[in-house]
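Notes for the one structure printed next.
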Amino acid sequence: MNNYYAHPQAICESTFIGESTRIWAFTHILPKAKIGARCNVCDHVFIENDVLVGDDVTIKCGVQLWDGIRLHDSVFVGPNVTFANDPFPRSKQYPEYFSKTIVHKGASIGANATILPGITIGVGAMVGAGAVVTKDVPPYAVVVGNPAQITKYIKQGDESLVSSIDGDKLEKDRQILSVPGCELWEIPGYSDMRGGLVVSEFDSDLPFVPKRCFFVHSVPNNKVRGEHAHIACSQFLIAVHGHLNVVLDDGVYRQEIVLNRPGLGLLIPFGIWGTQYKFSKDAVLCVFASHNYENEDYIREYDDFLEYKND
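As structure tokens, this is what we get:
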């Protein structure tokens, strides 16, 4: 006996259906598709052969999953979400292989959203209803609009916003943050009618003696920077002009910081995933690094980061 339920009006040709999955009327699943356990596949869903669906996935009515689609565990796909798998489709002309679209664990896609070919949607991300996703979505990001843009980040396993701190509200010279190892530093500064001056002596006013310094500027407001962690290198970030938001993530705790003045520094130690976004048009970000540049020091994929933290 099959350990899943298929409505009498469903066509389920696959034998790779997990336990307690429910398949509803007028759904058609092709023979090689693999569907995990405890999934809910609603009416009028079509699933092609080269499709992998994890456990506890919800696929609402009117969704088509084409070859190359990968839905990890606990993904929610809303009504009439449209996936594409061919970036240059022609009638009766088929590519050598179809682009892989990956939706990672716990992500949700709202009704009527459109997902272009080859997109990766990160762990826990939220795609708003009607959004047109043209680029990869970072973990825990909320994206809306056409084209989709990041509006905020959410906590891991929670719909609420990441807890945030505005740099104007720092109450002491050094504040320890909820993400372990991260700190906000007040940098000595002076101001009079001639203007302002911020001073840093490397061996006393910074958390480490820098080996390297670089500046990030002219970043469009809809662009995201960072999205990586370091194995050995720590960084100290200062918004020398304008403002931007920084999301800190150690794999368990997440916090969002607003950098908005040159007298405020943010320490990001090694082993922390950092993301910068919401750059003002005039934002200039100065970054001091504890190590010289080494490509091998970067962790650029969030799944690799979580594996690194769990080792």
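Every number in our numbering is 8 more than the matching position in the sequence shown, counting from 1.
Where a beta carbon is used, it is the ideal one built from N, C-alpha and C, also for glycine.
Note that the coordinates shown come from a computational prediction; the quantities given were computed from them, not determined experimentally.
With 16 other Cβ atoms within 10 Å as the buried cut-off, status of residue i
{"i": "VAL132", "result": "The question names Val, yet the displayed sequence has Gly at residue 132. Under this definition GLY132 is a buried residue."}
{"i": "ASN318", "result": "exposed"}
{"i": "ALA156", "result": "buried"}
{"i": "ASN93", "result": "buried"}
{"i": "GLN101", "result": "exposed"}
{"i": "LEU205", "result": "exposed"}
{"i": "THR283", "result": "buried"}
{"i": "CYS221", "result": "exposed"}
{"i": "PRO146", "result": "buried"}
{"i": "TYR198", "result": "exposed"}
{"i": "ARG5", "result": "Nothing about residue 5 can be read from this structure; the chain reaches only from 9 to 319."}
Collapsed DSSP secondary structure at residue i in the structure displayed
{"i": "LEU314", "result": "helix"}
{"i": "ASP63", "result": "coil"}
{"i": "GLU304", "result": "helix"}
{"i": "LYS42", "result": "strand"}
{"i": "LEU124", "result": "coil"}
{"i": "TYR161", "result": "strand"}
{"i": "CYS20", "result": "strand"}
{"i": "GLU191", "result": "strand"}
{"i": "ASN48", "result": "strand"}
{"i": "HIS36", "result": "strand"}
{"i": "ALA119", "result": "coil"}
{"i": "TYR148", "result": "coil"}
{"i": "ALA14", "result": "strand"}
{"i": "VAL141", "result": "strand"}
{"i": "VAL131", "result": "coil"}
Assumed close pair residue i, residue j - CB separation to whole angstroms, cut-off 8 Å
{"i": "SER298", "j": "PRO218", "result": "7 Å"}
{"i": "LEU185", "j": "GLN263", "result": "5 Å"}
{"i": "LEU274", "j": "LEU267", "result": "6 Å"}
{"i": "ASP81", "j": "LYS113", "result": "5 Å"}
{"i": "TYR154", "j": "ASN120", "result": "According to the sequence as given, residue 154 is Asn; it is not Tyr. Between ASN120 and ASN154 the Cβ distance is about 11 Å, and since that is not below 8 Å, they are no contact."}
{"i": "ARG46", "j": "THR29", "result": "6 Å"}
{"i": "LEU73", "j": "ILE55", "result": "5 Å"}
Close beta carbons around residue i, own chain, < 6 Å, minus the five adjacent residues each side
{"i": "GLN243", "result": "ILE276, VAL295, ALA297"}
{"i": "GLY189", "result": "PRO277"}
{"i": "ASN48", "result": "ARG30, THR66"}
{"i": "VAL53", "result": "THR35, ILE67, VAL71"}
{"i": "VAL59", "result": "ALA41, LEU73, ILE77"}
Cutoff 7 Å; reference residue i; Cβ partners in own chain excluding five residues on either side
{"i": "VAL336", "result": "This structure cannot speak to residue 336, because the chain is shown only from 9 to 319."}
{"i": "CYS241", "result": "PHE278, ALA297, SER298, HIS299, ASP305"}
{"i": "GLU124", "result": "The sequence shown places Leu at residue 124, rather than the Glu named in the question. Correct list, in chain order: ALA92, VAL141, THR142."}
Nonlocal neighbours in the same chain, by C-beta distance under 8 Å from residue i, ignoring five residues either side
{"i": "THR23", "result": "PRO39"}
{"i": "LEU272", "result": "GLY175, LEU178, LEU192, TRP193, GLU194, ILE195, ILE246, ALA247"}
{"i": "VAL207", "result": "ILE195, PRO196, GLY197, TYR198, ASP213"}
Enumerated in chain order, which unbroken segments of the alpha helix (DSSP H) with a length of 4 residues or greater are wholly contained in the segment 72-117? none
Could you name each continuous beta strand (DSSP E) segment of 3 residues or more that falls completely within the segment 254-294, going from the start of the chain to the end? 262-267, 272-276, 281-285
Please go through the segment 195-266 and give each complete beta strand (DSSP E) segment of 3 or more residues, from N-terminal end onward. 197-200, 203-206, 220-225, 233-238, 243-249, 252-257
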